[in-house]
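Undergrad: Residue 142 in the UniProt record's numbering sits at position 142 of the sequence shown, and the numbers go up by one each step. Here it is, the structure in full.
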Amino acid sequence: MRRSHLRDAVAMCDFLAYMEWQYELNSDGWDEMQVARLANEFRYEQEKNKGISFPTIAGYGPHAAIPHYEPNNLTNIKIGRTSTLVVDSGGQYLDGTTDVTRTLHFGTPTEEQKKAYTRVLIGAIQLSSLIFPSNLKSNQLDIVAREPLWNIGYDYLHGTGHGIGHFLSVHESPIGISYAHVTTSDKVCGPIELKPGFFLSNEPGYYKQGDFGIRLENVLETVVAGKKGSEIFLKFRDITLVPYEPKLIDNNMLNPSHIRWLNNYNRRIRDEIGAELKKD
């Protein structure tokens, strides 16, 4: 799983860099379907890739505010410079399955967009940083990711996390991180005790209907943090190593622990993914 996510991060970094380069060249001709195809094509180039793990979501502006939007010939719109673009995609590899979401902006974000993005990022950081007793149920972790948004009276209507397979289903039971938002089809993904070696997603979001949306998603590996007597404590390790959108981060909203986490994450991208990119 870890190796598949390294290669997938290479594909995503190439994809994000290419998109940024295109818009720096004042190319405004891209649409949602083209973006989705491009993300797929970069994955197809990777060793051991066997296709995508689900249809790629690429939603701009009001479509970014639809959590499970998928562009088609009837809904496809151009990618502009005034709103956010949510790209949710993943790959199937012989040694793992990936699922990653990043939110992009090709212009100058508004203060509202930056504050929403930063609150979502803080929620993701808080869940990723958590150390917790092993007998805690997975749904009890949900509040940690949602708290920055609850503080402003907002909640997102989807789960924060789901299990992910190893060259299997991108949404794999029985793991689920969701305090309440469970539908009939999701009943097999519910509250369980996490174990070392479990892989799951961390994907808080913010959606302003008809305007813009934010979602950030990493895959986490559950690992042992330590023991106190007979009690085992767990923590997470991010195996998704893809940069966040710096222009959407309001640094004034971050506390020292958030900044430290983000610096460490960016250092891992430089060291681990940078080394892979140099091989190309």
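Using N, Cα and C, we set each Cβ at its ideal position, and we do this for glycine too. Since this is a predicted model, take the numbers as computed values, not measurements.
#1: Under three-state DSSP, which class holds Gln46?
#2: Using three-state DSSP, classify Asp238 as helix, strand or coil.
#3: For residue 311, which beta-bridge partners are listed by DSSP?
#4: Would you mind stating whether Gln46 and Asp8 have Cβ atoms separated by less than 8 Å?
#5: Runs of 3 residues minimum, wholly inside the region 2-68: which ones carry the beta strand (DSSP E) assignment?
#6: Residues bridged to Asn72 by DSSP?
#7: Locate the alpha helix (DSSP H) running through Ile175, then write down its first and last residues.
#8: Short of 6 Å in beta carbon distance, which residues of its chain neighbour Val35, apart from the five on each side in sequence? Order them along the chain.
#9: Based on Cα-Cα distance, which residue from Arg81, Ser83, Thr101 lies nearest to Cys13?
#10: To which residues of the same chain is Leu149 closer than 8 Å at the C-beta, ignoring the five residues directly before and after it?
#11: Using a Cβ-Cβ cut-off of 6 Å (strictly less than) and excluding sequence neighbours within five positions of Ile125, which residues of its own chain qualify?
#12: Taking the beta strand (DSSP E) that Glu276 falls in, what are its first and last residues?
#13: Decide if the region 195-204 is in contact with the region 158-172; the criterion is three or more beta carbon pairs, one per stretch, under 8 Å apart.
TA: Looking at the coordinates:
#1: Here residue 46 corresponds to residue number 46 of the sequence shown, with the count starting at 1. Reduced to three states, the DSSP call for Gln46 is coil.
#2: Taking the sequence shown and counting its residues from 1, the one referred to as residue 238 is at position 238. Three-state DSSP puts Asp238 in a strand.
#3: This structure gives no information on residue 311, because the portion of the chain shown stretches from 1 to 280.
#4: Locating residue 46 in the sequence shown gives position 46, where the first residue counts as 1. Locating residue 8 in the sequence shown gives position 8, where the first residue counts as 1. In terms of Cβ geometry, Gln46 and Asp8 form a close pair [threshold 8 Å].
#5: Qualifying beta strand (DSSP E) stretches, in chain order: 49-52, 57-60.
#6: The residue given as residue 72 occupies position 72 in the sequence shown. DSSP lists no partner for Asn72.
#7: As a working mapping, residue 175 is identified with position 175 in the sequence shown. Counted as a single uninterrupted DSSP element, the stretch harbouring Ile175 is not any alpha helix (DSSP H) but the beta strand (DSSP E) occupying residues 172-177.
#8: Residue numbering aside, residue 35 sits at position 35 when the sequence shown is read from its first letter. Annotation for Val35: Ala58 place their beta carbon closer than 6 Å to its own, counting only its chain and skipping 5 residues before and after.
#9: Stepping through the sequence shown from its first residue, residue 13 is reached at position 13. That would be Thr101, whose Cα lies nearest to the Cα of Cys13.
#10: By one-based count along the sequence shown, residue 149 stands at place 149. If the five residues before and after Leu149 are omitted, its C-beta is found closer than 8 Å to the C-beta atoms of Arg119, Val120, Gly123, Asp155, Tyr156, Pro204, Tyr206, all from its own chain and listed in chain order.
#11: Here residue 125 corresponds to residue number 125 of the sequence shown, with the count starting at 1. Contacts found: His258, Trp261.
#12: In the sequence shown, residue 276 corresponds to position 276, counting from 1. Here Glu276 belongs to no beta strand (DSSP E); instead the alpha helix (DSSP H) covers 274-277.
#13: With the cut-off at 8 Å, the region 195-204 and the region 158-172 touch.
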